[in-house]
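Residue numbers (my numbering), protein chains in the order written: chain C, 558 to 734; chain E, 107 to 382. Cβ coordinates follow ideal geometry from the N, Cα and C atoms, glycine included. Since this is a predicted model, take the numbers as computed values, not measurements. One structure is given here, and the rest of the page talks about it.
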Amino acid sequence: MHWKRHIDEQAEQTLSRSPEEAEARIRSYSARARMGQWGLFAFLVLSMVAFRFGSLFFLLPEDLRTILGPAPPVRLMSIALAVYAFSALIYILARMMGEDRNYHGWAQLFYLAGFYIFFSYANSLHENFWAILVAGLTILGLEHFRLWSQCQEVIRRERQILAKFDRSSRKLPSEGD
Amino acid sequence: MLNRFAAKAIVPITLAVTGFVILGCLLLHSFNKNDLISDTIRHEAGLADTIVKSTRYAMLKTDREMLQQAILDIGSQEEVEHVRIFNKKGIVMFSSDPDEIDQAVDKQTAGCNACHNGPEPATRLGTMDQARRFTNGHGSDVLAITTPIYNEASCAAASCHRPVKENKLLGTLDIGFSTAPLRASLTQLRVRLIVFCTMVLFLTVGGVCALLRRNVLLPIRQLVTFAEGVSRGRMDMKAPEGIEEINEVVGVLLHQATELQRLRTGQKKNRENRQD
């Protein structure tokens with residue numbers, strides 16, 4: 558029953574001690590629950606930029622391309638994308654079991670931007686654009702759902718506490734009367 | 107609605123499985139497409155080499171009529187869009203389209219610039235570099251192979267060409283194939299992958315949903331109904347069975363309900379005794 562005690566302790570720690578604190582927590586977690594939407598929006602903007610200007614990498618001056626060196630093989634990059642998507646999904650699903658209420662989508666956005674840059678540099682973004690888009694939408698969508706559902710749990714709990722405070726504050730004057 | 111247990115259990119699995127299966131299929135299609143194109147290029151480069159080798163004797167004998175007829179016959183095949191032989195200066199010497207003969211070609215056009223992009227033209231190219239894709243004047247998508255025709259000792263011995271050391275390359279054979287069969291194969295492959303992907307998705311998501319419904323969602327629904335009934339004092343309600351954890355909860359609920367009922371009965375009796 559160790560796990561049950563652990564959850565009880567965590568629940569105790571996260572309970573608000575005053576209505577103001579509960580309201581502040583609700584506001585904070587509501588804002589946090591929306592972070593996933595911003596992450597998805599940022600990824601869609603990044604994808605649109607990559608779709609529109611991705612081929613510009615091919616127009617880099619020959620000298621700069623020589624300094625940067627040859628692009629990695631496209632096949633290896635595709636395998637890396639599949640492995641990355643698989644491990645990111647497993648990682649998010651594993652976090653769903655815990656109580657982590659931080660948003661980890663910005664790091665994923667950074668990795669996805671890296672894939673856009675590398676595929677663009679190898680002049681094969683056109684072929685692999687949809688694969689990166691699907692990977693990004695899945696990873697960031699799942700991360701958004703994870704954080705949103707975990708924040709909703711806290712918000713629901715805080716609303717119950719707020720309702721308790723509300724009931725007890727209504728009771729007190731009647732007892733005094 | 108998303109706060110319900112069913113949504114919380116099914117949405118992440120559906121999202122993760124659907125996204126990853128689609129990603130896998132997109133990457134698999136990209137791999138297969140590249141492999142198919144590479145195989146087609148290798149096959150067509152082999153065909154171009156066969157044509158060069160089979161016309162070698164006619165070249166050696168300077169039999170222009172036979173050579174032109176061979177080019178015309180090859181060019182008349184359904185999938186062949188064009189066949190031409192250029193000399194080293196880029197002038198068409200033989201072609202399946204007689205109007206092209208004696209026409210010069212710009213060395214910066216696709217198919218030529220692979221070798222002619224430096225001060226010294228390259229004499230050797232990899233198989234993949236010999237290929238190019240373009241849309242011809244008739245609007246057909248063409249995959250063309252440019253194969254060099256190298257100078258050999260026997261060519262120089264026939265006194266038509268300079269020695270091999272001075273002149274490594276005599277000309278090029280350019281053959282273009284329609285990509286219609288390749289595109290048909292790719293479309294077939296795509297359709298099969300979509301069908302397979304849809305079936306896998308239905309099986310996985312459907313299987314997970316069915317198992318969750320059977321083993322988790324229905325017992326929880328029954329437990330909720332049971333708890334509501336027991337709280338109203340209906341102790342004869344049928345309890346959900348079959349799952350250990352649910353049975354434990356049912357036991358706790360029944361115990362609490364019995365205790366509550368016992369207390370209520372005791373209180374009622376006390377009240378009646380006092381009234382008497």
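Considering only E:Ala115, E:Cys303 and E:Phe302, the residue with the shortest C-alpha distance to Met653 of chain C is E:Ala115. For His149 of chain E, the uninterrupted alpha helix (DSSP H) run begins and ends at Phe111 to Ser160, by DSSP. Between Asn242 of chain E and Glu187 of chain E a beta carbon distance of about 6 Å is seen, short of the 8 Å cut, so the two are scored as contacting. The beta carbons of Phe610 of chain C and Tyr641 of chain C sit no closer together than 9 Å.
For Lys194 of chain E, same chain residues with a beta-carbon under 7 Å away, outside a window of 5 residues either side, are Leu275, Leu276 and Gly277 in chain order.
Collapsing the DSSP output to three states places Pro287 of chain E in a helix. At a C-beta separation below 9 Å, Leu638 of chain C has these neighbours in chain E: Leu129 and Leu133. Close to Asn685 of chain C, with beta-carbon spacing below 9 Å, are these residues of chain E in chain order: Leu132, Leu133 and Ser136. If you check each beta-carbon in the stretch 619-639 of chain C against every beta-carbon of chain E, the ones closer than 9 Å belong to Val631, Arg632, Ser635, Ile636, Leu638 and Ala639. Taking one beta carbon from each stretch, the stretch 614-625 of chain C and the stretch 127-135 of chain E have fewer than 3 pairs nearer than 8 Å; the two do not touch. Identification of residues in the stretch 641-664 of chain C having a C-beta nearer than 7 Å to some C-beta of chain E yields Ala642, Phe643, Leu646, Leu650 and Met653, given in sequence order. DSSP places Glu187 of chain E inside the beta strand (DSSP E), whose first and last residues are Val186 to Asn193. The C-beta distance from Val123 of chain E to Thr310 of chain E rounds to 5 Å, short enough to meet the 8 Å contact threshold. For Ala176 of chain E, there is no enclosing beta strand (DSSP E); the residue is found in the alpha helix (DSSP H) stretching over Arg170 to Gly181. Proximity of the stretch 353-372 of chain E to the stretch 138-147 of chain E falls short of the contact definition, fewer than three beta-carbon pairs being nearer than 8 Å.
For Ile251 of chain E, the uninterrupted beta strand (DSSP E) run begins and ends at Asp247 to Tyr256, by DSSP. Under the 8 Å Cβ criterion, the stretch 311-327 of chain E counts as touching the stretch 343-350 of chain E, having at least three qualifying pairs. With contacts defined as CB atoms closer than 9 Å, Ile300 of chain E and Asp280 of chain E fail to qualify as a contacting pair.
In this structure Ser604 of chain C is buried. Its beta-carbon is surrounded by 16 or more other beta-carbon atoms within 10 angstroms.
Here Phe667 of chain C is exposed: its Cβ has fewer than 16 other Cβ atoms, across all protein chains shown, within 10 Å. The bridge partners DSSP lists for Ile197 of chain E are E:Ala210. When C-beta distances to chain E are compared with 9 Å, the residues of the stretch 697-708 of chain C below that value are Gly698, Leu699, Phe702, Arg703, Trp705 and Ser706, in chain order. For Ile689 of chain C, the closest alpha carbon among the candidates C:Ala639, C:His661 and C:Gln717 is that of C:Ala639.
Burial check for Phe598 of chain C: the Cβ neighbour count within 10 Å stays below 16, so the residue is exposed. Arg190 of chain E places its beta carbon 9 Å or farther from that of Asp169 of chain E. For Leu617 of chain C, the secondary structure class from DSSP, reduced to helix, strand or coil, is coil. In the three-state scheme derived from DSSP, where H, G and I count as helix and E and B as strand, Arg338 of chain E is classed as coil.
Ser635 of chain C is classed as buried because its beta carbon has at least 16 other beta carbons within 10 Å across all chains shown. Nearest to Pro629 of chain C by alpha-carbon distance, out of C:Ala679, C:Gln717, C:Ser644 and C:Leu699, is C:Ala679.
With a cutoff of 9 Å on beta-carbon distance, Phe702 of chain C and Gly593 of chain C are scored as near each other. Restricted to the stretch 661-690 of chain C, the alpha helix (DSSP H) segments that are unbroken, complete and at least 4 residues in length are 662-678, listed in chain order. Membership of Arg320 of chain E in any beta strand (DSSP E) is not indicated, and neither H nor E is assigned to it by DSSP. Residue pairing by DSSP leaves Thr695 of chain C without any beta bridge partner.
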